[in-house]
Amino acid sequence: ESMLNDELVTADEILSSLAKRYKADVIEDLNRRRDVVSVRYNMEKSGYSYSQAYIFAKNVSQDAVAVVSERTQNIAGVDIRVTNERVIKNGTLIPHILGVVGSLSSDEYEQNKDKGYEINDVIGKFGIERALEEYLRGESGVKTIVKDEDGNIVSEEESVKAEPGDTVYLTIDSNVQAVANYSLQKNIDRARAEGEREVAAAKANKKKQQKLLGEDCYCGGAVMLSVKDNSVIAAASAPNYDLSKYYESDYNAWLNTNKHSPMFSRTFDGSFSPGSAFKPCVALAALQEKVITKNSAIRCTKHYDYYPSDVVNCLGTHGSINLHSAMTVSCNYYFAETGRRLGATTLYMYAEKFGLGVKTGLEIDESVGVLAGRDSTTWYEGNTVQAAIGQSDNTFTPMQLATYVSTVANNGVRYKTHLVRKITNYERDETVLYNNPKEPTVVSKSGVSKSNFNLVKNSMRSVVTSGTATVVSSYPKAVAGKTGTAENAGSDHVIFVCFAPYDKPEVAVAVVLEHGAKGKYAMYTAMDMMDAYFYDKTVKQVKSKGWGD
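Numbering (our numbering), first residue to last: 6 to 554.
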């Protein structure tokens, strides 16, 4: 430090020098001397002055307030102040969305001091608190203090009045969000438990496959959007955490050492291969580019080997099959050949229009994902067939997948995905910003005809009624969807995307279970979320009788 002699090398020598600097060397009690030096050093480091207060302690008890008030009445410059504080009422509801405020770091102070920030101020660290800092912070006031020659304050005048921050309203439905949090974790636990049972049975029977059956499923993400404007109704990430305990030292240490990274949002930042959930995008692009028609027949012989270095295996041998049937049974052979005809460049250009591989518009940080071909560091012609079945380098966030399905439900019109409904002034009598659900912001249009959308949406309905998502066929409202299974290191990821009701869509849902292996658990989560939205079911009701129970 510049205030110390460079030759000082021991802690005792540094303390002695600082004690002399602050005239604290007359204090005989060494512990008290150290305390005084520590405070004075921090005051100097923080730029303490008449205009910038130094905060000794926050959140002090009423007893401490009484003692300090009594003993500092005649000490100039010592004051007890009551300040507003942001209180988190339910720390587990939307921790990845809300975020926290915290003291300015030295870098943050340097970046923001010209904006009126002082060293003792707080600033949003992540989430909405960071994204909307300029609205939430308010404006500092200016107080002019006049002192006499003895240093006594003779007058104070507030020349610039402090302004409180604005009020932010989110689009989140707290009940749907709570159900999403609960159901997502419940079904992750179910998938893992079933995987553990299957592993134990496989080992007991000495089967060849004795692992990667879902026993490593601990994480996932689930999203529900309003189709009418892409406002976020719910966005759950597991494992979850309690934001109200963020600054508790033991809890924070647990957050930062937990191997499943609870603070990492699988919903906004987790990027997963979509598997067959990508196939509706491929179908729409191929129909519009006229490389297939609704009646185009492709003969599935199980192993697609047009490119010997990129062989695609199908789960069945489907024979001559058209688009509707191929979507229903999720034929890899059909979509590999369709992707080959379409080409990688055309495919990823359509994917972008559906919100894949691009930011959705969220106010908070989000991953851009990866589009195979566009973002690949190396690319061979044969890789296209892997990309067309949702593999290769394709990885997308659950938020992007929900945006994509909402765009399908809207016949190719992609709205800006958003978390903020409106912002008002502190008194809430003046609107500063309003995302009107009746006037959504259009980001892009796919250019695909309505007739082609009808073909694909009808096929997605068939996926539910008679295909790979018949688990959802008993849902009271008609649902159109697509399943996905993606190979990776560990058990397969499972994905389910859908919109409902089929004839007049209101919501789009995407659920990803990392290493989930069993698609039914992603579907159960989606149905629980729809129950909360359509039928106002609460966590208590879902606990009593949820889907799959």
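Cβ atoms here follow ideal geometry from the backbone N, Cα and C, with glycine treated the same way. Since the model is a prediction, treat every value here as computed from it, not as a measurement.
C-alpha gap between residue i and residue j, whole angstroms
{"i": "H498", "j": "E519", "result": "5 Å"}
{"i": "Q215", "j": "R202", "result": "11 Å"}
{"i": "A302", "j": "H329", "result": "10 Å"}
{"i": "I133", "j": "E139", "result": "11 Å"}
{"i": "D234", "j": "V484", "result": "19 Å"}
{"i": "V270", "j": "N493", "result": "The sequence shown places Ser at residue 270, not Val. One C-alpha to the other measures close to 19 Å."}
{"i": "L23", "j": "I60", "result": "20 Å"}
{"i": "S314", "j": "G387", "result": "7 Å"}
{"i": "S454", "j": "S276", "result": "30 Å"}
{"i": "F340", "j": "P510", "result": "26 Å"}
{"i": "W552", "j": "V237", "result": "23 Å"}
{"i": "A527", "j": "G200", "result": "15 Å"}
{"i": "T436", "j": "P442", "result": "15 Å"}
{"i": "S549", "j": "Y174", "result": "31 Å"}
{"i": "S381", "j": "V42", "result": "57 Å"}
{"i": "V181", "j": "G121", "result": "39 Å"}
{"i": "A16", "j": "R39", "result": "11 Å"}
{"i": "T490", "j": "A522", "result": "8 Å"}
{"i": "R45", "j": "Y27", "result": "7 Å"}
{"i": "S249", "j": "G129", "result": "15 Å"}
{"i": "S7", "j": "E18", "result": "Note on S7: pLDDT 49, under 50, position unreliable in the model; no value is reported."}
{"i": "V317", "j": "C336", "result": "10 Å"}
{"i": "K211", "j": "L217", "result": "15 Å"}
{"i": "H265", "j": "D68", "result": "41 Å"}
{"i": "H308", "j": "K525", "result": "26 Å"}
{"i": "L141", "j": "V410", "result": "33 Å"}
{"i": "L406", "j": "V65", "result": "47 Å"}
7 Å CB neighbourhood of residue i in its chain, flanking five on each side removed
{"i": "G344", "result": "V287, L352, T389, V390, A392, A393"}
{"i": "F539", "result": "K482"}
{"i": "G486", "result": "M465, V468, V469, A474, V477, F501, V502, C503"}
{"i": "Y5", "result": "Any question about residue 5 goes unanswered here, given that the chain covers just 6 to 554."}
{"i": "S179", "result": "L98"}
{"i": "M268", "result": "Y246, L260"}
{"i": "K36", "result": "It should be pointed out that residue 36 corresponds to Asn in this sequence rather than to Lys. If we look at N36 and ignore the five residues flanking it on each side, it has no Cβ neighbours."}
{"i": "Y114", "result": "Y122, I124"}
{"i": "E294", "result": "L347, T351"}
{"i": "Y420", "result": "D234, N235, P445, T446, V447, V448"}
{"i": "S242", "result": "H101, G226, S270, R271, T272"}
{"i": "N415", "result": "V232"}
Range of the contiguous alpha helix (DSSP H) that encloses residue i
{"i": "M268", "result": "From DSSP, M268 is part of no alpha helix (DSSP H); its letter is neither H nor E."}
{"i": "H329", "result": "328-334"}
{"i": "T389", "result": "388-393"}
{"i": "V106", "result": "Note, V106: premise wrong, no alpha helix (DSSP H); beta strand (DSSP E) at 106-108."}
{"i": "S411", "result": "403-414"}
{"i": "G129", "result": "Premise fails: G129 lies in the beta strand (DSSP E), 127-129, not in any alpha helix (DSSP H)."}
{"i": "A183", "result": "179-209"}
{"i": "V453", "result": "Taken as a continuous stretch (DSSP letters only), V453 belongs to no alpha helix (DSSP H), as it is neither H nor E."}
Same chain, Cβ closer than 6 Å to residue i, five either side skipped, listed in chain order
{"i": "Y439", "result": "K427"}
{"i": "L292", "result": "N457"}
{"i": "E144", "result": "E168"}
{"i": "L460", "result": "K299"}
{"i": "N125", "result": "I60"}
{"i": "T408", "result": "G360, T365, T422"}
{"i": "I93", "result": "L248, S249"}
{"i": "D274", "result": "S372"}
{"i": "E368", "result": "A136, L424, V425"}
Those residues which DSSP pairs with residue i across a bridge
{"i": "S231", "result": "V512"}
{"i": "T490", "result": "V499"}
{"i": "T429", "result": "T172, T436"}
{"i": "T318", "result": "The residue asked about is misnamed: residue 318 is Asn in this sequence, not Thr. Answer is H308, bridged to N318."}
{"i": "E144", "result": "E168"}
{"i": "V447", "result": "Y420"}
{"i": "F539", "result": "DSSP output for F539 lists no bridge partner at all."}
{"i": "F340", "result": "None; F340 has no bridge partner."}
Cut-off 8 Å between Cβ atoms - residues of its own chain near residue i, not counting five sequence neighbours on either side
{"i": "V547", "result": "V184, Y187, S188, D533, D536, A537"}
{"i": "T172", "result": "I428, T429, N430, Y431, R433"}
Terminal residues of the beta strand (DSSP E) in which residue i lies
{"i": "Y174", "result": "172-175"}
{"i": "V83", "result": "Note, V83: premise wrong, no beta strand (DSSP E); not H, not E."}
{"i": "I19", "result": "Unbroken run through I19 is the alpha helix (DSSP H), 16-26; no beta strand (DSSP E)."}
{"i": "S236", "result": "Here S236 belongs to no beta strand (DSSP E), and DSSP marks it neither H nor E."}
- Task: Would you check if there are 3 or more beta carbon pairs closer than 8 Å linking the segment 219-230 to the segment 183-201?
- Result: yes
- Message: Three Cβ pairs or more, each shorter than 8 Å: is that satisfied between the segment 229-248 and the segment 169-186?
- Response: yes
- Count the C-beta pairs between the segment 457-472 and the segment 357-376 that are closer than 8 Å, then say yes if the count reaches three, no if not. no
- Message: Would you call the segment 278-287 in contact with the segment 393-406, where contact means no fewer than 3 C-beta pairs closer than 8 Å?
- Response: yes
- Is it true that the segment 414-432 meets the segment 318-332, where meeting means three or more beta-carbon pairs spaced less than 8 Å apart? no
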